[in-house]
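In the working numbering, the protein residues as written are 3 to 220.
Okay, so here's the structure we're looking at.
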Ligand SMILES: [Zn+2]
């Protein structure tokens, strides 16, 4: 957002703070919240869309400043995919490019973080790490609560981190011999190679996956 605000400020020769709804650009009626809460005395307070900015959060005069014909509100409504076509600034394009790479190209630039799912938030964090090298990442049960398709995206991202010379340590529990009241015992300790010989669910899937990889290579 800093770079986006700067691009708007330069195109209009005004200060960058105008393009922040937390700062000078805030709608004065709702202080940039986009909604107004009315105290109803003895009843629960009622929240309505701000009638001055109609939920845009910005002071109406800020919307008169444009970049390539779009106001800051128009730009925040662009998806990452659309924004990649719209911006010419190289730094902005690079950041948007990583969003698309981690499969978040459908999010709009202005989407509040609180509306993202667990998988989306995780990918957003990892997007910031792409391009770095020599780091160590420790992930504790990163697949908890993720959809199967999100897990595939996550694994592809972890592979990329490793390919870029980072170390990734993933902690997933394999307590057995079964789930629920039959579980709770540590079923294996050792190296990944030794794990291949073990009788655990993880070992079984690891063997299957390796078989698949070998098939691919042949
Ligand atoms: Zn307002």
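Glycine included, each C-beta is placed from N, C-alpha and C at the ideal position.
| Item | Value |
| --- | --- |
| Contact check, residue 69 vs residue 10, beta carbons under 7 Å | yes |
| Proximity of residue 129 and residue 100 at Cβ, strictly below 7 Å | yes |
| Of the residues 81, 46, 104, the one placed nearest residue 112, counting alpha carbons only | 81 |
| At least 3 beta-carbon pairs within less than 8 Å: the region 143 to 158 vs the region 117 to 127 | yes |
| Of the listed residues 14, 38, 123, nearest to residue 74 (C-alpha basis) | 14 |
| For residue 105 and residue 125, believed in contact at Cβ under 8 Å, the rounded distance | 6 Å |
| Range of the contiguous alpha helix (DSSP H) that encloses residue 161 | 150 to 165 |
| Any non-hydrogen atom of ligand 1 closer than 6 Å to residue 95 Cβ | no |
| 6 Å CB neighbourhood of residue 8 in its chain, flanking five on each side removed | 18 |
| Below 5 Å from a heavy atom of ligand 1 - residues by beta-carbon | 29, 31, 32, 52, 54, 55 |
| For residue 64, the three-state DSSP class (helix, strand or coil) | helix |
| Delimiting residues of the alpha helix (DSSP H) encompassing residue 78 | 74 to 78 |
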